[in-house]
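Input: a single structure, listed below in structure tokens.
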Amino acid sequence: MHLLHLFDLSLIARCDEPALEWNGTTFTFGELESRSNRVANALRARGFVKGDRLCVYLANRVELIDIYLACVKLGVIFVPINILYRDREIAHITGDAEPRVLIDEQSLPALMDEAAHADDSRPSESLDGPTPAAIIYTSGTTGASKGAVLTHDNFAANAVNLLAAWQIGERDRFLLALPLFHIHALGNGLHTWLISGCRLRLLERFDHRSAIDELLEFQPTLFFGVPTIYVRLLETPIEAARAIGATMRLFVSGSAPLPARVFEQFRERFGHAILERYGMTETFMNLSNPYVGERRPGTVGFPLPGIAARIVDGELEVKGANVFAGYWRRPEATAASFTEDGFFRTGDLAERSTDGYYTLLGRRGDLIISGGFNIYPREIEELLLEQAGVREAAVTGVADELRGEVPIAFLVGDFDEAELERICRAELASFKVPRRFARVDSIPRTALGKVQKHLLPR
Ligand code: MLC
Ligand code: AMP
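Counting in this note's numbering, the sequence shown runs from 27 upward without gaps.
Structure representation (structure tokens):
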């Protein structure tokens with residue numbers, strides 16, 4: 027399925043309808059169509075051809091949507107980078123993806139200037155379902171960050187599934203405050219909006235100080251969040267929560283576990299049962315609580331239509347048109363992540379109730395999820411081990427009320443904690459900086475030398 031065929035339900039068929047509110051300006055679908063055509067033609071003039079990669083390092087903004095649509099139109103592979111990443115993390119991605127260009131705040135104006143002078147007719151390119159649309163970097167269960175190659179078919183299957191499962195339609199008013207560099211906002215948010223033709227208000231980011239005013243003012247019917255966002259929203263004054271709840275149709279949570287307590291307190295305050303669903307970058311959405319029927323706290327519901335799920339030795343495995351094509355230039359890692367009969371090994375441990383609800387029990391690897399952002403401990407450990415005086419390092423996650431988990435570091439050696447923190451702040455995204463640098467005499471290991479993180483003091 028070519029994504030443009032789906033997007034044309036809005037870009038062409040609803041061209042005069044309001045599509046996007048960004049920073050006080052409203053754009054119609056037709057305006058987004060011609061803006062992205064201009065960007066596509068400007069990219070083509072720069073020599074971009076199908077299969078080239080384009081990295082973006084930008085916060086949410088209308089130009090990011092223009093660039094994504096331009097890439098889709100040209101068959102150029104969109105590679106978004108987390109805006110919180112620092113040079114070391116960015117260099118890993120650009121070194122691996124080898125983009126023709128990286129668009130950041132500095133290089134964006136030149137591209138938009140070229141686009142302003144470019145033709146606004148749609149460039150024609152022959153694309154099909156298996157054409158890659160994006161590469162999104164993810165830590166996966168093992169090793170360094172790898173690029174998940176996501177095709178038109180993957181994006182389309184996921185979005186069409188969610189439109190049906192969550193009954194998203196043209197009358198929705200959708201408030202999106204999640205970052206477009208992850209599949210939560212890009213795959214679920216942007217695609218369901220563009221296909222349904224609903225009205226989107228896009229925020230640069232979720233800011234808990236202004237979020238309540240945005241919700242009251244825009245009166246959305248649809249909202250996607252990570253658990254940290256729902257914890258923040260519990261502070262909403264009761265009258266405001268009632269008013270927001272009265273116009274809302276559906277609150278969705280995902281990317282990290284939503285504590286049952288937050289689900290209950292949110293229902294009391296807003297009068298809504300948050301719909302929790304489960305996905306990952308490599309697979310898009312796999313499981314979801316029902317739109318109609320019981321949304322059971324602490325669970326992630328049932329397989330979405332067209333998705334086969336099974337539990338093998340405690341690990342959840344999935345198969346479906348939503349599952350990715352493989353890791354960019356890593357055939358071995360790709361082969362290792364699939365079973366012989368084509369199921370993807372998620373690395374998530376799960377159980378299924380007798381009436382079919384799935385509950386996630388944790389991860390096979392030692393991934394930490396903080397505020398919905400993934401942290402791979404080994405990356406932090408490697409940086410710490412490069413520092414003078416650090417002989418051993420183990421990073422682990424501890425529970426945190428607001429962010430779910432936060433990283434802490436255990437270290438053996440002779441070092442200055444303040445200096446280590448300064449280096450981590452300079453080299454890593456802020457959410458990866460350990461909250462504590464604890465000095466220990468030794469790191470517990472098995473006879474084979476593997477670190478036993480569960481034996482570390484907390
Ligand atoms: C957070 N920060 C951001 C930011 N989000 N900075 C720029 N852009 C963003 N989008 C920074 C802040 O500047 C601050 O940095 C720190 O993070 C904490 O900010 P806060 O104001 O205290 O935010 P908080 O209330 O904690 O909320 C954070 C959050 C953010 C929930 C808004 O964590 C977030 O957007 N998470 C969503 C991640 C996501 O979309 N994941 C999906 C992955 S896909 P400092 O320097 O002051 O500490 C996936 C698959 C699936 O997992 O199933 O969906
Ligand atoms: P990412 O690699 O960023 O795509 O993150 C995917 C991981 O997020 C999954 O493998 C899960 O561990 C986790 N995740 C996503 N949704 C949920 C959820 N509803 N509950 C618990 N964990 C989740």
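Using N, Cα and C, we set each Cβ at its ideal position, and we do this for glycine too.
Distance between beta carbons of residue j and residue i, contact taken as under 8 Å
i: E341; j: T385; result: About 14 Å; that fails the 8 Å criterion.
i: F53; j: V82; result: In fact, because the Cβ distance is near 19 Å, the residues do not count as touching under 8 Å.
i: K458; j: P483; result: Wrong, their Cβ atoms sit about 21 Å apart, outside the cutoff.
i: L330; j: N312; result: 7 Å
i: F350; j: V175; result: 6 Å
i: E377; j: I333; result: Not confirmed; about 18 Å, so no contact.
i: L110; j: S456; result: 6 Å
Residue i beta carbon near the ligand SAM (any heavy atom closer than 7 Å)
i: A85; result: Ligands in the displayed structure: the ligand MLC and the ligand AMP; the ligand SAM is not one of them.
Near the ligand MLC: residue i beta-carbon under 7 Å from a heavy atom
i: G397; result: yes
i: S363; result: no
i: T254; result: yes
i: H208; result: yes
i: A425; result: no
i: S165; result: no
i: L80; result: no
Cutoff 6 Å; reference residue i; Cβ partners in own chain excluding five residues on either side
i: F328; result: G382
i: S281; result: H210, V252 and G398
i: S165; result: S171, N400 and Y402
i: R87; result: none
i: R114; result: E453
i: E47; result: R227
i: T360; result: G352 and Y353
i: L201; result: R227, F244, P246 and F249
i: F277; result: F249, H298 and I300
The alpha helix (DSSP H) enclosing residue i, as first and last residue numbers
i: T325; result: From DSSP, T325 is part of no alpha helix (DSSP H); its letter is neither H nor E.
i: Y304; result: Taken as a continuous stretch (DSSP letters only), Y304 belongs to no alpha helix (DSSP H), being part of the beta strand (DSSP E) at L301 to M306.
i: W219; result: H217 to S222
i: T273; result: I264 to T273
i: E358; result: P357 to S363
i: E115; result: D113 to A123
i: R486; result: Examination of residue 486 is not possible in this model, given that the chain is present from 27 through 484 alone.
i: N63; result: F55 to A71
i: T254; result: P253 to L259
i: P403; result: P403 to L411
Boundaries of the beta strand (DSSP E) in which residue i is found, first to last residue
i: E418; result: V416 to D426
i: A174; result: K172 to T177
i: L128; result: V127 to I129
i: A19; result: Residue 19 is absent from the model: the chain starts at 27 and stops at 484.
Contact test: residue i Cβ vs the ligand AMP heavy atom, cutoff 7 Å
i: T372; result: yes
i: V349; result: no
i: S281; result: yes
i: M274; result: no
i: T307; result: yes
Same chain, Cβ closer than 7 Å to residue i, neighbours up to 5 away in sequence not counted
i: R404; result: none
i: F463; result: A435, L437, E443, L446 and E447
i: Y256; result: S279, L284, V288, F292 and I300
i: M306; result: T372
i: F485; result: The requested residue 485 is not part of the displayed model; the chain covers only 27 to 484.
i: L128; result: C81, Y83 and T120
is_contact[residue i, chain C] using C-beta, thresh 8 Å
i: A269; result: Of the chains in the structure shown, none is chain C; there is only one protein chain.
> Okay, do the segment 211-228 and the segment 390-410 touch, 3+ Cβ pairs below 8 Å being the bar?
Replying inline: No: the two stretches stay apart, fewer than three of their Cβ pairs being nearer than 8 Å.
> With a cut-off of 8 Å, do at least 3 Cβ pairs link the segment 66-75 to the segment 137-156?
Replying inline: Taking 8 Å as the limit for Cβ pairs, the verdict is that the segment 137-156 does touch the segment 66-75.
> Taking contact to mean at least 3 C-beta pairs separated by less than 8 Å, is the segment 110-118 in contact with the segment 145-154?
Replying inline: no
>> Any contact between the segment 222-230 and the segment 34-47? By contact I mean 3 or more CB pairs, one from each, below 8 Å.
In response: By the criterion of at least three beta-carbon pairs nearer than 8 Å, the segment 222-230 is in contact with the segment 34-47.
>> Closer than 8 Å is the cut-off here; do at least three beta carbon pairs connect the segment 229-238 with the segment 175-185?
In response: no
> Is the number of C-beta pairs between the segment 315-326 and the segment 281-295 that are closer than 8 Å three or more?
Replying inline: yes
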